[in-house]
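Here the structure is laid out as structure tokens; the discussion comes afterwards.
Number of protein chains: 2
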Amino acid sequence: RIIEVVEQNETVDQPLKGKKVLVTAGPTVESVDAVRYFTNHSSGKMGYALAEVAKQLGANVTLVSGPVELNEIMGVETIHVTTAKEMYDAVTTRFEHQDFVVKSAAVADYRPKITQTNKMKKKDGNLSIEMERTEDILKTLGEMKQHQYLVGFAAETDHILEYGKSKLERKNLDAIAVNDISEDKHGFKSDTNAVHVFTKQGLEQTIPLKTKHEIAQDLWAIFNKELLGESK
Amino acid sequence: RIIEVVEQNETVDQPLKGKKVLVTAGPTVESVDAVRYFTNHSSGKMGYALAEVAKQLGANVTLVSGPVELNEIMGVETIHVTTAKEMYDAVTTRFEHQDFVVKSAAVADYRPKITQTNKMKKKDGNLSIEMERTEDILKTLGEMKQHQYLVGFAAETDHILEYGKSKLERKNLDAIAVNDISEDKHGFKSDTNAVHVFTKQGLEQTIPLKTKHEIAQDLWAIFNKELLGESK
Numbered sequence: 003r004i005i006e007v008v009e010q011n012e013t014v015d016q017p018l019k020g021k022k023v024l025v026t027a028g029p030t031v032e033s034v035d036a037v038r039y040f041t042n043h044s045s046g047k048m049g050y051a052l053a054e055v056a057k058q059l060g061a062n063v064t065l066v067s068g069p070v071e072l073n074e075i076m077g078v079e080t081i082h083v084t085t086a087k088e089m090y091d092a093v094t095t096r097f098e099h100q101d102f103v104v105k106s107a108a109v110a111d112y113r114p115k116i117t118q119t120n121k122m123k124k125k126d127g128n129l130s131i132e133m134e135r136t137e138d139i140l141k142t143l144g145e146m147k148q149h150q151y152l153v154g155f156a157a158e159t160d161h162i163l164e165y166g167k168s169k170l171e172r173k174n175l176d177a178i179a180v181n182d183i184s185e186d187k188h189g190f191k192s193d194t195n196a197v198h199v200f201t202k203q204g205l206e207q208t209i210p211l212k213t214k215h216e217i218a219q220d221l222w223a224i225f226n227k228e229l230l231g232e233s234k
Numbered sequence: 003r004i005i006e007v008v009e010q011n012e013t014v015d016q017p018l019k020g021k022k023v024l025v026t027a028g029p030t031v032e033s034v035d036a037v038r039y040f041t042n043h044s045s046g047k048m049g050y051a052l053a054e055v056a057k058q059l060g061a062n063v064t065l066v067s068g069p070v071e072l073n074e075i076m077g078v079e080t081i082h083v084t085t086a087k088e089m090y091d092a093v094t095t096r097f098e099h100q101d102f103v104v105k106s107a108a109v110a111d112y113r114p115k116i117t118q119t120n121k122m123k124k125k126d127g128n129l130s131i132e133m134e135r136t137e138d139i140l141k142t143l144g145e146m147k148q149h150q151y152l153v154g155f156a157a158e159t160d161h162i163l164e165y166g167k168s169k170l171e172r173k174n175l176d177a178i179a180v181n182d183i184s185e186d187k188h189g190f191k192s193d194t195n196a197v198h199v200f201t202k203q204g205l206e207q208t209i210p211l212k213t214k215h216e217i218a219q220d221l222w223a224i225f226n227k228e229l230l231g232e233s234k
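The following block contains the structure:
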């Protein structure tokens with residue numbers, strides 16, 4: 003009976019055993035000059051929760067993290083990056099060997115076209131900062147995809163569901179989790195979140211407001227079930 | 003002899019007793035939209051050290067702080083602000099009653115001309131972000147100045163000394179502390195700093211690399227000596 007319980011626990015608790023998972027988290031920082039930079043309000047909490055839960059479920063986890071104020075997770079290999087370009091390089095070079103890739107980082111869409119190495123002197127009057135598009139990591143991964151289960155995130159203030167479904171198709175994702183950041187308790191700095199999940203296999207599920215750790219548990223249950231093709 | 007020692011300690015340890023001190027610290031955050039923003043690498047450590055030392059020296063301290071990852075200082079009234087405009091309002095409305103004002107915050111010089119309340123959708127191709135100048139807090143204080151001892155900070159990568167002296171005059175300051183942020187161990191995220199101090203009264207002093215707490219002690223010794231007109 004003891005062996006039976008242990009085996010049951012292993013099955014229940016470590017469904018990701020032997021799986022390779024890569025999670026991205028946090029914002030990226032794009033420098034204007036030696037002092038000034040452009041970034042976003044991502045705290046990295048959702049990504050860190052996804053990495054931590056994947057580890058608890060038995061996966062071999064790599065976390066590619068932008069600059070955040072969070073502690074490293076024991077047993078998770080963490081690669082620290084700053085810019086969208088560094089995030090792109092870190093993720094694309096590691097993609098091939100992964101089973102799951104969850105891109106929850108809020109990578110900058112734009113970066114200053116020119117980064118000055120010195121501190122720019124201010125002048126009277128207005129200033130126009132020219133920005134260029136960064137590499138589209140998720141689109142690149144969607145094109146590279148073979149056996150991997152690829153998950154994207156979207157943080158939206160408007161037309162949440164339409165944008166989410168459209169992104170799922172455009173980027174060739176297996177699943178997308180969309181959160182409505184116009185609500186105070188959802189997304190970014192908050193410890194709680196509520197997400198809408200859509201998958202290529204046709205699942206549509208709303209995960210109501212709960213902690214990011216609990217959201218991560220619900221998401222891994224969905225992703226794992228879909229990759230394994232289980233019906234339970 | 004006990005009374006003598008106590009009195010001596012009060013003189014030595016609490017030279018700012020009865021003085022009102024306002025310190026600003028940290029960066030400001032200027033939003034592009036609901037998600038994206040411009041900011042700078044100020045950690046707030048130098049300003050928090052200046053506020054803490056002023057408190058230890060007996061002053062009644064108000065700290066106006068941008069978004070930082072530092073603990074509040076016991077016994078210091080801390081006003082939290084986000085934008086340059088909020089920093090301007092918080093400081094100018096409190097200026098009149100202060101004895102010392104030390105502006106160590108790295109306030110944004112520019113902010114996006116338009117802040118979108120929703121999340122801007124990305125598009126193909128480049129983007130030009132129009133920026134406008136923020137209020138010049140130090141210049142405003144220099145114009146409002148009556149009895150106050152006003153201190154500015156400058157973080158520079160080039161022509162450190164010329165820029166510092168020029169800023170002292172242009173902004174009608176009593177003192178300026180300039181640090182060379184092109185050096186790794188000076189300024190911003192670092193716990194150490196090295197500054198050049200210039201005062202209206204003609205003092206020129208280099209404070210070599212030491213902790214920000216020690217730099218704060220040296221700076222308060224200079225400022226206090228100058229305001230009191232003491233020669234010791």
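Line by line, the protein sequences are chains B and Z.
Position one of the first sequence corresponds to residue 3 (our numbering), numbered consecutively onward.
Position one of the second sequence corresponds to residue 3 (our numbering), numbered consecutively onward.
No residue lacks a Cβ here, since even glycine has one placed at the ideal position from N, Cα and C.
At a Cβ cut of 7 Å, what residues of the stretch 24 to 44 of chain Z count as close to chain B, listed as they run along the chain?
Result list: Ala-36, Val-37, Arg-38, Tyr-39, Phe-40, Thr-41, Asn-42 and His-43.
Grab me the residues of Gln-16/B's own chain with a C-beta within less than 7 Å of its C-beta, minus the 5 sequence neighbours each way, in chain order.
The residue given as residue 16/B occupies position 14 in the first sequence. Close CB contacts of Gln-16/B within its chain, under the 7 Å cut and outside five residues either way in sequence, are with Leu-59 and Gly-60 (chain order).
Three or more C-beta pairs under 8 Å: does that hold for the stretch 154 to 171 of chain B against the stretch 70 to 82 of chain B?
no
Which of the residues in the stretch 63 to 94 of chain B, read from start to end, lie with their CB under 8 Å from any CB of chain Z?
Answer in chain order: Glu-71.
Report the start-end ranges of each alpha helix (DSSP H) in the stretch 92 to 154 of chain B that is 4 residues or longer and not cut off at the edges.
139 to 146
In chain Z, what lies closer than 8 Å to Gly-251/B by C-beta?
Only positions 3 to 234 of chain B appear in this structure, which leaves residue 251/B out of reach.
Nearest-angstrom Cα distance between Leu-229/Z and Val-93/B?
Position 227 of the second sequence, counted from the start, is the residue given in the question as residue 229/Z. Position 91 of the first sequence, counted from the start, is the residue given in the question as residue 93/B. When rounded, the distance between both Cα atoms is 57 Å.
What separation, rounded to the nearest whole angstrom, lies between the Cα atoms of Ser-130/B and Thr-26/Z?
As a working mapping, residue 130/B is identified with position 128 in the first sequence. As a working mapping, residue 26/Z is identified with position 24 in the second sequence. Near 28 Å, if we compare the C-alpha coordinates of Thr-26/Z and Ser-130/B.
If we define contact as Cβ-Cβ less than 8 Å, is Ser-192/B a contact residue for chain Z?
Counted from its first residue, the first sequence places residue 192/B at position 190. No, its Cβ sits nowhere closer than 8 Å to a Cβ of chain Z.
Using the rule of at least 16 other Cβ atoms within 10 Å of the residue's Cβ for burial, across every protein chain shown, is Thr-208/B buried or exposed?
Along the first sequence, read from residue 1 onward, the residue named residue 208/B stands at position 206. By the neighbour-count rule (16 or more Cβ atoms within 10 Å), Thr-208/B is not buried but exposed.
Return yes when the C-beta of Met-89/B is under 7 Å from any heavy atom of the ligand NAD, and no when it is not.
Only the bare structure without any ligand can be found here, which leaves the ligand NAD out of the picture.
Is Arg-235/Z near Tyr-151/Z, with beta carbons less than 8 Å apart?
Missing from the structure shown is residue 235/Z; chain Z here goes from 3 to 234 and no further.
Can we say the stretch 33 to 47 of chain Z touches the stretch 116 to 127 of chain Z, given the rule of at least three CB pairs closer than 8 Å?
yes
Anything in chain B within Cβ reach of Ser-130/Z, meaning under 9 Å, just list it in chain order.
Reading the second sequence from its first residue, position 128 is the one you call residue 130/Z. Ordered by position in chain B, the residues that pass the 9 Å Cβ test against Ser-130/Z are Ser-130, Ile-131, Glu-132 and Met-133.
Determine, using beta carbons only, whether Ala-157/Z comes closer than 8 Å to chain B.
Within the second sequence, the letter at position 155 stands for residue 157/Z. For Ala-157/Z, the answer is yes, since a Cβ of chain B falls inside 8 Å of its Cβ.
Are Ile-183/B and Val-197/B closer than 8 Å when you measure CB to CB?
Within the first sequence, the letter at position 181 stands for residue 183/B. Within the first sequence, the letter at position 195 stands for residue 197/B. No.
Using a Cβ-Cβ cut-off of 8 Å, state whether Ile-162/B counts as contacting chain Z.
Start at 1 with the first residue of the first sequence, and residue 162/B comes out as number 160. So, not an interface residue.
Within 10 angstroms of its Cβ, does Met-133/B collect 16 or more other Cβ (buried), or is it exposed?
As a working note, residue 133/B is residue 131 in the first sequence. Buried.
Note down, in chain order, every chain B residue with its Cβ under 9 Å from the Cβ of Ile-183/Z.
For the purposes of this step, residue 183/Z is taken as the residue at position 181 of the second sequence. Here the neighbours are Ala-36, Val-37 and Lys-121.
Is there at least one Cβ from chain Z nearer than 8 Å to Gly-144/B's Cβ?
Within the first sequence, the letter at position 142 stands for residue 144/B. Gly-144/B has a beta carbon lying at 8 Å or more from every beta carbon in chain Z.
Under 9 Å between beta-carbons, which chain B residues line up against Gly-127/Z? List them in chain order, please.
Walking along the second sequence from the start, residue 127/Z turns up at place 125. Those are Glu-134 and Arg-135, listed as they occur along chain B.
Kindly indicate the opening and closing residues of the beta strand (DSSP E) around Leu-24/Z.
Mapped onto the second sequence, residue 24/Z falls at position 22. 22 to 27 is the extent of the beta strand (DSSP E) around Leu-24/Z.
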